[in-house]
Amino acid sequence: MGIQREAPKRLPLKKVVTDRSVNSIVNLSAFHLLPRHRSLLQKGLSFVPTPHFNKFGWIKDLNLFARRLALHIFMEKKKEREAKNLGVSSEDYIHLENLLALLDECPPDSANFLIKFKQKTRFTPSFSDFSNLEVFVNLVTSEIESIKNKDLTWESNLSKSEQLALKELQDVRNIVIKQSDKGGNLVIMDRNDYIAMCMLHLNDKDGYRRLEGDPTLSFTKDLETLLTIGVQSKLISDDNFKYLLLRFPTIPTLYCLPKIHKSLVSPPGRPIISGNNSLTERVSQFIDCYLRPLVLGTPSYVRDTQHVLQKLSEILVSPGAILVSLDVISLYNNIPHQFGLQASKYFLSGKYSEQETEFVLILLEFVLNHNYFLFQNQFFLQIRGTTMGTSCAPSYANLYLAWWEELVVFSTEMMRFTNYVTNWMRYIDDILFLWHGPIEMLNEWLAILNHNEIGLGL
1 MGIQREAPKR LPLKKVVTDR SVNSIVNLSA FHLLPRHRSL LQKGLSFVPT PHFNKFGWIK
61 DLNLFARRLA LHIFMEKKKE REAKNLGVSS EDYIHLENLL ALLDECPPDS ANFLIKFKQK
121 TRFTPSFSDF SNLEVFVNLV TSEIESIKNK DLTWESNLSK SEQLALKELQ DVRNIVIKQS
181 DKGGNLVIMD RNDYIAMCML HLNDKDGYRR LEGDPTLSFT KDLETLLTIG VQSKLISDDN
241 FKYLLLRFPT IPTLYCLPKI HKSLVSPPGR PIISGNNSLT ERVSQFIDCY LRPLVLGTPS
301 YVRDTQHVLQ KLSEILVSPG AILVSLDVIS LYNNIPHQFG LQASKYFLSG KYSEQETEFV
361 LILLEFVLNH NYFLFQNQFF LQIRGTTMGT SCAPSYANLY LAWWEELVVF STEMMRFTNY
421 VTNWMRYIDD ILFLWHGPIE MLNEWLAILN HNEIGLGL
């Protein structure tokens, strides 16, 4: 009688339902929350109270809307004139435009996205050229001008007690309210505790350096030099140059999200740099257009939680298999620039020309080495890793780990371990796989992976 093997089982796919209608509030401060404060805060940080009537704002929005209509009509008439001059119909002219786009001088891999990296036009056609539009704008403007504030009745989306709570919280200067790092909770901290949480990161001399003053002007000149090289090499156009170089950038600021899932007593924080309209924001977006397609082609890539669940539902699990999950410790902040750039070059050189690759790497190095920000009126420079707030950071981190997987995890030297591995999946720094060997070998393998020179810890 032969040995009967247990039939393979499919992993069950469970639908997870989360109630996000109410935000949990975690008060770590000395401030006493009253029911009206909780009622207000449970609406979430993205909640917007009903605004008051703003006559100027309404007229401004009306004219912006009319400008969009006028630009659309203007461009359509321009195309009709060009089609007539060429002796073709409007429909054929559209096909001709598409053919001309294919003959663009930009490299094929970058032509599609280089087009969007240019300043939006400031041209506004005269409304008088479009009589119907001009009449519409004048009539609506007249109606708005005639509105009296006293004649308006607005139903607020806040109760009287919630309006009082909003004013009270605005007046309290010694607390900070932030979203938690995980779980969607609201966390209230004493301001001094919050600052101390942030300074735990900034006091790391291997990760950050204090600056004597604002480096914006100096850094802007450095970026201008690099972008000029791109124009001279015909890798970017003059329009791209004007868009990528912000003449008056906003200074980035740092904030931290409390990790209350790790501790409710002096929780650690996840540092994030808010860089909207900062010096490197558009350059980072430009870099990401090169890096992101490379990430999508890596073997272990998973898009999101649903993608993981879909893959898990298709797996036939053999008896004795172990589902293993790993997390890379502080991935973003611990990527050494040298190895991060090396990993990016490894993947870029496989798809783009040598000239394009070198230009992207030069810009990436600039973003990594010029990641400055303001916190408590003090300028800092991040000297290790990358910030979670910059556009190219997820792709950069993804390629770094994909490089590690290819050259280390699944190298020839590791085959005695990886022969027991199936269904390896990774979402940025979260890894999931099935192990079919002895648990002792798994622990030995993980210990080997943890001893490395590239800054990785599992």
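Residue 244 in my numbering sits at position 244 of the sequence shown; the count goes up by one each step and never skips. Where a beta carbon is used, it is the ideal one built from N, C-alpha and C, also for glycine.
query, result
"Residue range of the unbroken alpha helix (DSSP H) whose run includes A338", "Correcting the residue type first, residue 338 is Gln in the shown sequence and not Ala. That run of the alpha helix (DSSP H) goes H337 to L348."
"Coil, strand or helix - R426 by DSSP", "strand"
"Under 7 angstroms between C-beta atoms of I273 and F373", "yes"
"Contacts around S39, its chain only, beta-carbon distance under 6 angstroms, and the 5 residues preceding and following it disregarded", "E162"
"Selected residue, minimal CA-CA separation from T225, among I362, D190 and L257", "I362"
"Host alpha helix (DSSP H) of T220 (start-end)", "T216 to Q232"
"Cut-off 8 angstroms between Cβ atoms - residues of its own chain near I144, not counting five sequence neighbours on either side", "K55, W58, I59 and L62"
"Beta-carbon proximity of F271 to V187, cut-off 7 angstroms", "The residue you asked about is not Phe; residue 271 is Pro in the sequence shown. Their beta carbons are not under 7 angstroms apart, which means P271 does not touch V187 by this criterion."
"Alpha-carbon spacing of K234 relative to K118, whole angstroms", "15 angstroms"
"Through-space distance from I428 to P394, alpha-carbon basis", "7 angstroms"
"Euclidean distance between Cα positions of W154 and L139", "24 angstroms"
"Strand pairing of N398, partner residues [DSSP]", "DSSP output for N398 lists no bridge partner at all."
"Separation of H37 from A66, as counted between CA atoms", "42 angstroms"
"Spatial neighbours of R426 in its chain, beta-carbon cut-off 6 angstroms, leaving aside the 5 residues before and after", "S300"
"DSSP state of S263 mapped onto helix, strand, coil", "coil"
"Exposure of N371, with buried meaning 16 or more beta-carbon neighbours within 10 Å", "buried"
"Chain-order list of residues whose beta-carbon lies under 8 angstroms from that of T418 (same chain, five-residue window excluded)", "V409 and F410"
"Proximal residues to P108 (C-beta, below 8 angstroms), its chain only, five neighbours per side dropped", "Confidence at P108 is low in this model, with a pLDDT of 47, below 50, so its placement is unreliable and the value that follows should be read with caution. Closer than 8 angstroms at the Cβ level, and outside the excluded window around P108, lies no residue."
"Integer-rounded CB distance, given that L364 should sit under 8 angstroms from T357", "Between L364 and T357 the Cβ distance is about 10 angstroms, and since that is not below 8 angstroms, they are no contact."
"Between the CA atoms of P438 and Q170 - distance to the nearest angstrom", "58 angstroms"
"N- and C-terminal bounds of the beta strand (DSSP E) containing N27", "I25 to N27"
"Among P268, S237 and F241, the one whose alpha carbon lies nearest that of H201", "P268"
"Environment of L85 [buried if 16+ CB atoms lie within 10 Å]", "According to the sequence as given, residue 85 is Asn; it is not Leu. That one is exposed."
"Three-state class that DSSP yields for C198 in the structure shown", "helix"
"N- and C-terminal bounds of the beta strand (DSSP E) containing L282", "The sequence shown places Arg at residue 282, rather than the Leu named in the question. Segment E281 to L296 is the alpha helix (DSSP H) holding R282; no beta strand (DSSP E) there."
"Exposed unless 16 or more other CB atoms sit within 10 angstroms - verdict on T121", "exposed"
"Rounded distance between the beta-carbons of F433 and N423, thought under 8 angstroms", "6 angstroms"
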